[in-house]
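Below: the structure, in structure tokens.
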Amino acid sequence: MSETFALANPLCQLLGKDRNDFTRADLLKVVRTKGIERFTFRYTGGDGRLKELRLPFSNTEQADRILAAGERVDGSSLFKGFVDAGESDLYVVPVYRSAFINPFDPTSLDFICRFLDREGRRAPFTPDNILALAHERFRQRTGCELWALAEPEFYLIAPNQGEHYIPPRQAGYHAASPYFKSNEVVNEMLRHLSRITGAIKYAHSEVGFIESMASDEAQLNGRRAEQHEIEFHSHPIEEMGDFMSIAQWIIRKIAYRNGIIATFAPKIEEGIAGNGYHIHLELIQEDRNVMTTSEGRLSEDALKMIGGLTTYAPTISAFGNTVATSYRRLVPNQEAPTRICWSDSNRSVLIRVPLGWSGGADLARFINPNETEDYHDQRGRQTVEIRSPDGSASGHLLLAALVTAAEYGLTQPRMIQLAEQTRVKGNIFRDTDVLSRLDSLPASCVHAARLLRQQHSLYDEYGV
Numbered sequence: 001m002s003e004t005f006a007l008a009n010p011l012c013q014l015l016g017k018d019r020n021d022f023t024r025a026d027l028l029k030v031v032r033t034k035g036i037e038r039f040t041f042r043y044t045g046g047d048g049r050l051k052e053l054r055l056p057f058s059n060t061e062q063a064d065r066i067l068a069a070g071e072r073v074d075g076s077s078l079f080k081g082f083v084d085a086g087e088s089d090l091y092v093v094p095v096y097r098s099a100f101i102n103p104f105d106p107t108s109l110d111f112i113c114r115f116l117d118r119e120g121r122r123a124p125f126t127p128d129n130i131l132a133l134a135h136e137r138f139r140q141r142t143g144c145e146l147w148a149l150a151e152p153e154f155y156l157i158a159p160n161q162g163e164h165y166i167p168p169r170q171a172g173y174h175a176a177s178p179y180f181k182s183n184e185v186v187n188e189m190l191r192h193l194s195r196i197t198g199a200i201k202y203a204h205s206e207v208g209f210i211e212s213m214a215s216d217e218a219q220l221n222g223r224r225a226e227q228h229e230i231e232f233h234s235h236p237i238e239e240m241g242d243f244m245s246i247a248q249w250i251i252r253k254i255a256y257r258n259g260i261i262a263t264f265a266p267k268i269e270e271g272i273a274g275n276g277y278h279i280h281l282e283l284i285q286e287d288r289n290v291m292t293t294s295e296g297r298l299s300e301d302a303l304k305m306i307g308g309l310t311t312y313a314p315t316i317s318a319f320g321n322t323v324a325t326s327y328r329r330l331v332p333n334q335e336a337p338t339r340i341c342w343s344d345s346n347r348s349v350l351i352r353v354p355l356g357w358s359g360g361a362d363l364a365r366f367i368n369p370n371e372t373e374d375y376h377d378q379r380g381r382q383t384v385e386i387r388s389p390d391g392s393a394s395g396h397l398l399l400a401a402l403v404t405a406a407e408y409g410l411t412q413p414r415m416i417q418l419a420e421q422t423r424v425k426g427n428i429f430r431d432t433d434v435l436s437r438l439d440s441l442p443a444s445c446v447h448a449a450r451l452l453r454q455q456h457s458l459y460d461e462y463g464v
């Protein structure tokens, strides 16, 4: 292994190997070395939340059997409406590379699991398997992989003790302590998420700030609310689905342990920034990002993918905006999209093409003239960002919809032309002519559901 740092995965350090190379024997070594008392199996249920099954063991035979065979669960309770009670048994089987020591209970070795049916095949109706199967089809039909990074936004709601250093309304972006009081709590979240996933890019305070909430709920009324964002590094899209579930669990758990509330609710107060759950996508081929040309412009494949995303945009809301308050966030002039369009570095559009270091990644040389060692990023980092989803999203299903949209774009004709038709410049809310020619996103859950029903063939044809 390469040199390790403080936030490296403790199991990788112990075993001296990459997490993708973990074996059952390795995990039994962890059990013996770390005094592990039980395995905890984790998986995402039909409600989008991370579930757990605790499995104690008292000898090697029991531990080995659990790791090899998994365990049996009631699918009809985990996926109500999707599984008949008469045929409800499912296996949950651990993904070895996902193993981590529970940060809140060091006697538990935890795993993300996959659902298998009685024949030992992926259960086709579970969100994680829907995503994995969609990505497998994408790889086979396009020759590319789709990687993703998520940006969960959330509020931390704490007792208001009349502190000094009160930031202005809607001015919390990148605020430091002591203006934002919860930054140390977020640091704790970063520490655990980094060690578990190895995929955390950064965290910062966001725009939203409420000095004193007004609510009929006693646990909220008069409390202070500070908005934060944690961003991941890009990973294969099915892994990102798991990371999204783990992140929400860790964020809520640490908030609870600190006596505060974490909420991903899309909108908690009118006039205050809502919580988005933006998703960045990048096309990978032979371990290289293929989103740009050698001149730094978007590649044809990137434009085709944008064409597919704009085609699917109305139905994606059914997976990314699933509660009534989702549509109180998607309003003009709140850095949230309402129309189907895209642009460079523009936060008023549905699809943003952010800065991607296309001119070179060695920027520090410019302001640090004593640096003599070159830095080269051979892989590339350009992404496109989908800005409509929020914290109500069904993570795996949202990502499966995005995979399907990307595949449609890469395999159907005239996608580049469609992308060019939906490209805009500047703030679209200040140009009525541009605004009038753009299609709108759904305005409610009912609207999104109707569009999904009308256009379900977009998914049926791709097996989703």
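Residue numbers for the sequence shown follow my numbering, so the first one is 1 and each next one is one higher. For every residue, glycine included, the Cβ atom is placed at its ideal position computed from N, Cα and C.
Under DSSP, the beta-bridge partners assigned to S205 are H228. In this structure the region 191 to 209 lies against the region 224 to 232, because at least three pairs of beta carbons, one per stretch, are closer than 8 angstroms.
When the alpha-carbon of P413 is set against those of L398, P106, M305 and S182, the nearest one is in M305.
When the beta-carbon positions are compared, V464 and T404 come within less than 7 angstroms of each other. Sixteen is the threshold: when 16 or more other Cβ atoms of the shown chains lie within 10 Å of the Cβ of P337, as they do, the residue is buried. Taking all protein chains in view, the Cβ of Y327 is crowded by 16 or more other Cβ atoms within 10 Å, so the residue is classified as buried.
In the three-state scheme derived from DSSP, where H, G and I count as helix and E and B as strand, G143 is classed as coil. For S392 and M415, the gap between their C-alpha atoms comes out near 30 angstroms. Between L149 and F232, the gap from beta carbon to beta carbon is short of 7 angstroms.
Relative to H164, the option among L156, R297, Q248 and K181 whose CA is nearest is K181. Beta-bridge annotation (DSSP): K51 is paired with Y43. Within the same chain, Cβ atoms closer than 7 angstroms to the Cβ of Y375 are found at A361 and D362, the five residues on either side in sequence being excluded. The DSSP-derived three-state label of G276 is strand. Secondary structure note for R352: its beta strand (DSSP E) is the uninterrupted segment I351 to V353. Going by beta carbons, P314 and P178 fall outside the 7 angstroms limit.
When the alpha-carbon of L402 is set against those of I351, G120, R423 and N368, the nearest one is in I351.
Comparing C-alpha distances from G81 to each of E61, L67, G45 and P106 shows the shortest one belongs to G45.
When the Cα atoms are used, S245 and E238 turn out to be separated by approximately 11 angstroms. Burial state of P389 is buried, judged by a 10 Å Cβ sphere holding 16 or more other Cβ atoms. Under the 8 angstroms Cβ criterion, the region 90 to 109 counts as touching the region 68 to 76, having at least three qualifying pairs.
Judged by beta-carbon spacing, T40 lies within the 7 angstroms limit of E52, meaning their Cβ atoms are closer than that value.
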